[in-house]
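Beneath this line is the structure, given in structure tokens, with notes to follow.
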Amino acid sequence: MRKVKQILPLALAMVVLLLLFNLWVPDFLKPENMLDLVQQISVNAILAFGMTLVILIGGIDLSVGALLALVGTTTVYILAKGQSDGQSLRWLMIAVLAGLGVAAGFGAFNGLCASKTKMPPFIITLAMMLVARGAALRFNEGRPMRIPDHETILLALGNGRLFGMVPIPVIVMLTLFALVAIVLHRTRFGQHLYAIGGNREAARFTGIPLVRNEILVYMACSVLTGMAGLIHTSQLYSAEPASGVMFELNAIAAAVVGGTSFTGGRGTIYGTLIGAIIIGILDKGLNQAGVHFSLQYIVKGLVILIAVYMDVRRR
Amino acid sequence: MVQSAANEAELLTFDSVTKRFGGVTALDSVNFGLRQGEIHALVGENGAGKSTLIKVLGGIHLPDSGTIRIFGQPANIRSVADANRYGIRIIHQELSLVPHLSIAENIYLGREPQGLAGLCRRKMTADAETLITDLGLHEIRSVGTAVSQLSIAHQQLVEIARALSCQARILVLDEPTSSLSEAETEALFVTLRRLRSQGAGIIYISHRLEEVMRLADRITVLRDGRSMGTQFTQQLNQRELIRWMVGRDIKDHFHRPAFKTGKPALTVDNLSSPTIHNVSFELHYGEVLGLAGLVGSGRTELARALFGIDPVHKGEIRIDGQTVSINSPGDALDKGIVLVPEDRKQEGLVMFQSVGFNLALPWVNEWISGWFPSRRKRREIIDRAINGFSIKVAHPEQSIDTLSGGNQQKALVGRWMERRPKILILDEPTRGVDVGAREELFAIIGSLVESGMAVLLISSDLSEVLHTSHRIALYRDGRILDTVNAADITEEQIMEQLVGAKVSEKG
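Taken in sequence, the protein lines are chains A and B.
Heads up: the first sequence runs through residues 56 to 370, numbered per the numbering used here.
Heads up: the second sequence runs through residues 1467 to 1973, numbered per the numbering used here.
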């Protein structure tokens, strides 16, 4: 239960923040508003789960924002190619798999470069960010592509509600959360990630396959990005080649606010979820309080700084 | 035997200095005096308080009570900068040089001479050259060389040069010879003796008592945070010193396990890589084969090649007579080879994780099968390692960096005993491990060998190799010169072989 103890202060900070905003903004804590909040953080939370895995092994992935756009454009482009009228489940599957496949490909490449060469992950993924962005802009001359209205399943992914209440993106996010939590905290793969990030050489000497694990981590991050991309596209009702700018930074912020150490080897997925929620509360709360957007940036920046400072001091 | 008469010529005096960390008293009214022109050794087991004393002197920790005097005047050392102002320079085990900068730039780091036109590179170079020549570093061609291209020994001398250029009067060396070869150690001693004759006060910390006996003028022993007194080196012999340090009699450092000739466990035939050349040897079950070589002779590279970390170009490795191909540490482990690496902190342990995490790591497959990890199995694995190797922990989930060097080393070896390897390669297993823990470690390894394990022991400590091995392979420049029975050779003869060959090659 050490992990619970580690995130206790963070959970406390989240509750305090919620109560503070409730004093400031009337009805902030009302269920409808809270559901709205979790819906808004779903995309960032999913990106942050993947980012946590990568940071945990001492890496970084700057390409997620651009990749998110590329997955959206790829999927919608293929979807538009395949049908004339009416929804075809087969084409939807093909389009989604193509989108996720592109994501997996980028992840595999990032992981391969990071593990097999001496190039720093920061630079590799910076370069791949440009490649992915360029690739996304190739579609439809860089203009948004609408999702046809009859694609109800894809549109429901970002906008639907289960039993008319729980937003579907939240369900997807929580499912992925559970999945990543199990993989990270309950499998040998997860244990190996902590070892690799904690001390790469020590991991090597205990026979942990570094290359394979590293590739898998970057692929997991990219496929999660793909899922986030599908949701985001659905929420916009269209694939926007220019969307997702700075999303990688928000995901990194959620992970580090959640206690993931930037040097690797430390962090939990529970912390990351809370980190994403804290950032979501700030976004939504400040917005509803009518704070000017310029000030919102400043406040968010300072909160991230304070959170990470507290975390570093605790160690 | 305790000599504590205050000496007015004392350069540095610790006057009942006490330092507590929470409930633990790290230094308990410690008295200590350093004279000008003296090499003063500070010895004691790990945890005796040597490093705390040094950190108090260096301004990293503030003492809770007591006085530090310099030339009899109370000194107020509250920071590293203060310590430097008093002329105190500490050369830590981990060197603090910037690898990509040149020798001259490192010497003047933080106090670069600057004129109107920016850095005075010419002055820096000229001064650095003088310093380097004074230290007898004739082999270095240019002070513009990047420090990363120097050997550890030379890097250490650059640190000393830096200290001297700051007008250091009190020089502290913490385990300076742990990564030096015998020849480099000798060269360092010559330098230290010259500095002594120039009036510097040198505090020398080392686990290697032979060196201490040879180098130091006086010796102060710390035990459990208390100073046990100071003696002139001439009045002591090594056995007395050990007894004084540990407070009991240690019969001998080492004990060689009984040798029962077993079948060959590992046969290496003409193994070659860029750093090793046609190495052939045979290692039997129940045998300790010592690999004696100077630092830089390629011993670690051989170990890494056997363990599948570095690629091999040519040659054959046989285990139990079967030819095997080892391309990764995973392969090696599958075949029953374990390598305990040289550098505990860099290559061995995940330092900020718990003892349990580190002990259970190689056996993840045992305690996580399917989706759900078994806490019980994990705990059993951890307990077996802790008990089997008598690792001293308060709790298995305490952070491993709170353990002493000896206990960390025991953890590093002990974690492989869950399923005993056939072949255990130990690379410098006793570096930074105190006498008591070293004895324990070798007792355990001895019993493993007696139960049939094959051990390849790599060590710079020749007496350690000599007294624990059955046979010794003399190793130089990536080649095995000769393999001899340990009973038929002396430490001096090994040294002659290793160094003599080196000299003849130069000529």
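Even glycine gets a Cβ: it sits at the ideal position worked out from N, Cα and C.
None of the values given here were measured: they were computed from a predicted structure.
State the CB to CB distance for the pair residue i and residue j, rounded to an integer number of angstroms; the pair is presumed to be in contact (CB under 8 Å).
i       : j       : result
I101/A  : L279/A  : 5 Å
L111/A  : G330/A  : Between G330/A and L111/A the Cβ distance is about 14 Å, and since that is not below 8 Å, they are no contact.
A128/A  : A153/A  : One point to set straight first is that residue 128/A is Thr, not Ala, in the sequence displayed. Not quite, the Cβ-Cβ distance comes to about 11 Å (not below 8 Å), so this is no contact.
V1509/B : V1678/B : 6 Å
I1536/B : L1616/B : At roughly 33 Å, the Cβ-Cβ gap does not stay under 8 Å, so I1536/B and L1616/B are not in contact.
R243/A  : I1834/B : 5 Å
L1654/B : A1619/B : 7 Å
E1957/B : S1929/B : 6 Å
A1769/B : H1750/B : Going by Cβ atoms, the distance from A1769/B to H1750/B rounds to 18 Å, so no, they are not a contact pair.
V186/A  : E303/A  : With a Cβ gap of about 14 Å, V186/A and E303/A do not count as contacting.
Can you pull the chain A residues whose beta carbon is under 9 Å from the beta carbon of residue i, in chain order?
i       : result
I1775/B : R259, F260
N1831/B : R243
I1847/B : Neighbours of I1847/B on chain A: none; closest Cβ ~13 Å, over 9 Å.
DSSP on residue i, reduced to helix/strand/coil?
i       : result
V70/A   : helix
Q1697/B : strand
F1838/B : strand
Q1788/B : strand
T1766/B : helix
A344/A  : coil
I1891/B : strand
P64/A   : helix
F1480/B : strand
N1951/B : strand
Y364/A  : helix
G1974/B : The first residue shown for chain B is 1467 and the last is 1973, placing residue 1974/B beyond what the model contains.
I334/A  : helix
N1497/B : strand
I112/A  : coil
P264/A  : coil
S1663/B : helix
V126/A  : helix
P86/A   : helix
Using a Cβ-Cβ cut-off of 8 Å (strictly less than) and excluding sequence neighbours within five positions of residue i, which residues of its own chain qualify?
i       : result
D82/A   : N88
M282/A  : I101, L155, V227, L231
P1862/B : S1820, V1821, G1822, L1825, R1845, I1848, D1849, I1852
L134/A  : W146, L147, A150, I202, P203, E206, L209
Within a Cβ cutoff of 7 Å, which residues of the same chain sit near residue i, ignoring the five residues on either side of it in sequence?
i       : result
R1662/B : G1503, E1504, I1505, I1668
A159/A  : M274, S277, V278
T1611/B : S1568, I1569
K1811/B : M1817
D1841/B : It should be noted that the sequence gives Arg, not Asp, for residue 1841/B. No residues qualify anywhere along the chain.
Under 6 Å Cβ to Cβ from residue i, same chain only, skipping five residues before and after it: list those, please.
i       : result
G197/A  : P296
W1710/B : V1687
T1518/B : K1485, A1492, L1493
E1808/B : T1766, D1893, E1894
N1873/B : I1857, K1858
G253/A  : G320
D1948/B : L1940
G1515/B : A1492, L1493, L1688, G1691
N305/A  : N99
In chain A, which residues lie with their C-beta within 7 Å of the C-beta of residue i?
i       : result
L1799/B : G262
G1822/B : Correct list: empty, because the minimum Cβ distance to chain A is about 10 Å.
E1813/B : E256, A257, F260
P1795/B : R259, F260, G262
Which chain B residues sit within Cβ distance under 9 Å of residue i?
i      : result
N268/A : Residues of chain B passing the Cβ test: none, with the nearest at roughly 12 Å.
H247/A : L1827, V1830
A294/A : The premise fails here: A294/A is roughly 36 Å from chain B at the closest Cβ pair, so nothing lies under 9 Å.
G320/A : V1816, F1818, Q1819
Can you pull the chain B residues whose beta carbon is under 7 Å from the beta carbon of residue i, in chain order?
i      : result
A250/A : V1816, L1827
G335/A : Under the 7 Å cutoff, chain B gives no residues; its nearest Cβ is about 30 Å from G335/A.
G326/A : Residues of chain B passing the Cβ test: none, with the nearest at roughly 16 Å.
G253/A : V1816, F1818, Q1819
Who are the neighbours of residue i on chain A, taking C-beta pairs under 8 Å?
i       : result
F1838/B : R241
I1834/B : R241, T242, R243, Q246
Whole runs of the alpha helix (DSSP H) within the stretch 1500-1588 of chain B, excluding any shorter than 4 residues: 1516-1523, 1546-1551, 1569-1573
message: Beta carbons nearer than 7 Å to chain C: which residues of the stretch 1568-1596 of chain B have them?
response: Included in the structure are the protein chains A and B, with no chain C among them.
Inside the stretch 1862-1886 of chain B only - beta strand (DSSP E) runs reaching at least 3 residues: None, since the stretch 1862-1886 of chain B contains no complete beta strand (DSSP E) of that length.
task: Enumerate, from N- to C-terminal direction, the unbroken beta strand (DSSP E) stretches of 3 or more residues contained entirely within the stretch 1717-1751 of chain B.
output: 1730-1738, 1745-1750
field: Length at least 4, wholly inside the stretch 166-199 of chain A: the alpha helix (DSSP H) runs in chain order
entry: 176-193
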